[in-house]
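Accompanying notes for the structure given below.
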Amino acid sequence: MCPAFGGLRVVTRIDGAQVCMATDKGCMYGLTFVTHFYAARKSIVSPELMSTQLASGSIINDVRATIEEIAKDPTVRLIPVVSLCVAETAGLAEELLPKKVGNAEVVLVRLPAYLIKSHPEAKDIALEALLKRLANFSQKREKSIVIVGEIFPLDAMAIGAVLERIGVESVITLPSQHIDDFVESGSASAVAVLHPFYERTEEFFRTRGLRVISGNPVGAQSTYRWIKSVGEALHLNEAVVEEVAQEEKAKVKAAIEANRLNATIIVAGYEGNEFPLVRLLLEAGANVPYASTSIAHTTLGDDDHKLLTMLGTDLRYRKYLEEDRRAVLQYKPDLVIGTTSLDSYVKELGIPAVYYTNIVSSRPIYFAQGASAMLQLMHTLLGKRAAYQKMKAFFES
40 MCPAFGGLRV VTRIDGAQVC MATDKGCMYG LTFVTHFYAA RKSIVSPELM STQLASGSII
100 NDVRATIEEI AKDPTVRLIP VVSLCVAETA GLAEELLPKK VGNAEVVLVR LPAYLIKSHP
160 EAKDIALEAL LKRLANFSQK REKSIVIVGE IFPLDAMAIG AVLERIGVES VITLPSQHID
220 DFVESGSASA VAVLHPFYER TEEFFRTRGL RVISGNPVGA QSTYRWIKSV GEALHLNEAV
280 VEEVAQEEKA KVKAAIEANR LNATIIVAGY EGNEFPLVRL LLEAGANVPY ASTSIAHTTL
340 GDDDHKLLTM LGTDLRYRKY LEEDRRAVLQ YKPDLVIGTT SLDSYVKELG IPAVYYTNIV
400 SSRPIYFAQG ASAMLQLMHT LLGKRAAYQK MKAFFES
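Each position in the sequence shown, counted from 1, maps to that position plus 39 in my numbering.
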């Protein structure tokens with residue numbers, strides 16, 4: 040799938056946003072299709088960029104005309120101009136685009152597939168572009184924090200509830216459906232980056248004075264450390280923070296003890312947030328000999344890299360399908376949580392396999408409730424081995 044889809048998920052889900060996509064008809068068709076199914080049920084508007092327009096050099100005029108047409112709708116507050124390979128190759132000058140038309144802010148988001156390796160990184164690029172235009176840093180709130188990560192709604196509620204207990208007064212989660220959240224994010228004093236691929240976004244906030252918290256509340260010890268880090272970053276009451284951190288750590292420990300695993304599991308996704316799941320599985324007693332992701336090794340992911348490597352998991356970044364398939368043959372897992380291509384291969388071997396994006400990323404994972412839900416899911420999936428073996432035998436005969 041074109042990596043630009045990651046950025047489209049961010050911009051199309053914003054209320055009051057109407058995307059103007061600068062691309063050719065082929066890319067327009069494909070990305071419109073997947074965006075309707077996996078991002079938002081919202082149309083994408085695009086100028087017709089074919090050979091005639093590219094040869095005549097009218098691309099900037101065509102894009103400007105499309106922006107003007109979109110802005111006629113008074114409900115549109117934001118027009119992300121998503122520039123893909125064709126427009127980027129032809130040259131789309133940002134200074135020639137309007138900053139605002141009518142009621143709508145115009146933001147150029149450059150997402151050429153030849154420069155972006157994965158859709159998580161496209162999310163980061165889109166988020167940074169929006170923040171550069173929208174974030175307002177004129178006022179500061181000392182006990183306000185930005186949470187960066189595309190997370191399950193129940194996780195956002197759980198994070199908000201825990202942070203309220205330690206004295207945090209405002210929690211803004213990005214990416215968001217609401218334009219005002221992008222604006223108000225500049226008033227926060229700290230930013231917690233839950234996923235390691237948000238490098239540009241992290242740098243954007245860090246260089247503007249926000250204190251950065253990396254990692255996430257997945258697993259007992261990491262939950263404790265994360266809460267403590269938030270408390271330190273916002274200068275909250277140490278005794279209160281310690282008490283809540285210990286309580287949440289104990290809850291996660293209890294959830295893990297109630298759902299121990301005795302199985303070999305391979306995790307191979309392309310969302311960029313696979314390794315916290317690996318950490319949870321290991322903590323619950325599973326053997327995870329191999330895990331892979333589509334993103335590069337980043338500084339934000341250093342802690343997970345060091346821990347998982349020390350615990351014996353072979354980590355692969357910028358992975359290839361062939362690597363994942365070799366790992367399946369080598370380690371003979373009881374369960375694979377992978378990509379669609381890997382899952383189809385694994386199921387033919389009679390091994391339970393599920394799509395990481397649809398089955399795992401669509402469920403809570405943070406704190407005790409997330410740990411419990413995720414580990415119970417693992418038990419359910421592991422219990423399907425006999426059914427997979429039966430299907431394999433049926434088709435072989």
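Ideal Cβ placement from N, Cα and C applies to all residues, glycine included.
Reduced DSSP secondary structure (H/G/I, E/B, other) of residue i
{"i": "Ser82", "result": "coil"}
{"i": "Asp163", "result": "helix"}
{"i": "Thr348", "result": "helix"}
{"i": "Pro192", "result": "helix"}
{"i": "Tyr395", "result": "helix"}
{"i": "Ala284", "result": "helix"}
{"i": "Ile99", "result": "helix"}
{"i": "Ile53", "result": "coil"}
{"i": "Pro113", "result": "coil"}
{"i": "Arg355", "result": "strand"}
{"i": "Lys429", "result": "helix"}
{"i": "Ser209", "result": "strand"}
{"i": "Arg239", "result": "helix"}
{"i": "Val317", "result": "helix"}
{"i": "Ile304", "result": "strand"}
{"i": "Ala231", "result": "strand"}
Distance between residue j and residue i (C-alpha atoms, nearest Å)
{"i": "Gly409", "j": "Glu127", "result": "41 Å"}
{"i": "Asp194", "j": "Met60", "result": "32 Å"}
{"i": "Ile190", "j": "Thr396", "result": "12 Å"}
{"i": "Thr314", "j": "Ala330", "result": "Here the sequence assigns Phe to residue 314, which means Thr is not the residue at that position. About 7 Å."}
{"i": "Val115", "j": "Asn175", "result": "20 Å"}
{"i": "Asp382", "j": "Lys423", "result": "14 Å"}
{"i": "Pro328", "j": "Thr105", "result": "51 Å"}
{"i": "Thr338", "j": "Ala168", "result": "21 Å"}
{"i": "Pro372", "j": "Ile390", "result": "8 Å"}
{"i": "Val283", "j": "Arg264", "result": "11 Å"}
{"i": "His418", "j": "Arg318", "result": "16 Å"}
{"i": "Leu147", "j": "Thr74", "result": "19 Å"}
{"i": "Asn100", "j": "Ala161", "result": "26 Å"}
{"i": "Gln428", "j": "Leu420", "result": "13 Å"}
{"i": "Phe433", "j": "Glu387", "result": "11 Å"}
{"i": "Asp342", "j": "Met349", "result": "11 Å"}
{"i": "Tyr309", "j": "Thr378", "result": "7 Å"}
{"i": "Arg299", "j": "Leu170", "result": "42 Å"}
{"i": "Thr262", "j": "Leu320", "result": "15 Å"}
{"i": "Val257", "j": "Tyr384", "result": "30 Å"}
{"i": "Arg365", "j": "Ser177", "result": "53 Å"}
{"i": "Leu360", "j": "Lys179", "result": "46 Å"}
{"i": "Phe76", "j": "Ile164", "result": "22 Å"}
{"i": "Leu249", "j": "Ala272", "result": "9 Å"}
{"i": "Asp54", "j": "Leu47", "result": "13 Å"}
Sub-8 Å separation of residue i and residue j beta-carbons
{"i": "Ile305", "j": "Ala325", "result": "no"}
{"i": "Gln216", "j": "Arg402", "result": "no"}
{"i": "Ile186", "j": "Leu233", "result": "yes"}
{"i": "Tyr237", "j": "Leu166", "result": "yes"}
{"i": "Ile252", "j": "Ser228", "result": "no"}
{"i": "Ile266", "j": "Val280", "result": "yes"}
{"i": "Val121", "j": "Leu136", "result": "no"}
{"i": "Glu39", "j": "Val140", "result": "As displayed, the chain neither begins before 40 nor continues past 436, which places residue 39 out of reach and without an answer."}
{"i": "Ala152", "j": "Ile184", "result": "no"}
{"i": "Gly206", "j": "Leu275", "result": "yes"}
{"i": "Lys18", "j": "Ala307", "result": "Look at the range of the chain in this structure, 40 to 436, and you will see that residue 18 is not part of it."}
{"i": "Val213", "j": "Ser226", "result": "Before going on, a small fix: residue 213 reads as Leu here, not Val. Result no, Cβ atoms of Leu213 and Ser226 do not sit closer than 8 Å."}
{"i": "Ala259", "j": "Glu322", "result": "yes"}
{"i": "Glu277", "j": "Val201", "result": "no"}
First through last residue of the alpha helix (DSSP H) which encompasses residue i
{"i": "Val73", "result": "64 to 77"}
{"i": "Glu126", "result": "What sits at residue 126 in the sequence shown is Ala, not Glu. Note, Ala126: alpha helix (DSSP H), 124 to 129."}
{"i": "Val222", "result": "218 to 223"}
{"i": "Gly389", "result": "No alpha helix (DSSP H) contains Gly389, which DSSP labels as neither H nor E."}
{"i": "Ala61", "result": "No alpha helix (DSSP H) contains Ala61, which is instead part of the beta strand (DSSP E) from 59 to 61."}
{"i": "Val367", "result": "360 to 370"}
{"i": "Ile266", "result": "259 to 272"}
Own chain residues within Cβ distance below 8 Å of residue i, not counting five before or after
{"i": "Ala197", "result": "Pro403, Tyr405, Phe406, Gln408, Gly409"}
{"i": "Asn142", "result": "Ala110, Pro113, Val115, Arg116"}
{"i": "Leu346", "result": "Arg318"}
{"i": "Cys124", "result": "Thr62, Cys66, Pro151, Ala152, Tyr153"}
{"i": "Ala132", "result": "Ile99"}
{"i": "Lys290", "result": "Phe406, Ala407"}
Cut-off 7 Å between Cβ atoms - residues of its own chain near residue i, not counting five sequence neighbours on either side
{"i": "Tyr356", "result": "Thr332, Ile334, Ala335, His336"}
{"i": "Asn301", "result": "Gly324"}
{"i": "Val399", "result": "Leu316, Ile376"}
Extent of the continuous beta strand (DSSP E) to which residue i belongs
{"i": "Arg250", "result": "250 to 253"}
{"i": "Tyr405", "result": "Per DSSP, Tyr405 belongs to no beta strand (DSSP E) and is neither H nor E."}
{"i": "Ser331", "result": "329 to 331"}
{"i": "Ser183", "result": "183 to 187"}
{"i": "Glu144", "result": "143 to 149"}
Cβ shell of residue i (< 6 Å), same chain only, five flanking positions each side left out
{"i": "His158", "result": "Pro42, Phe44, Gly45"}
{"i": "Phe244", "result": "Val230"}
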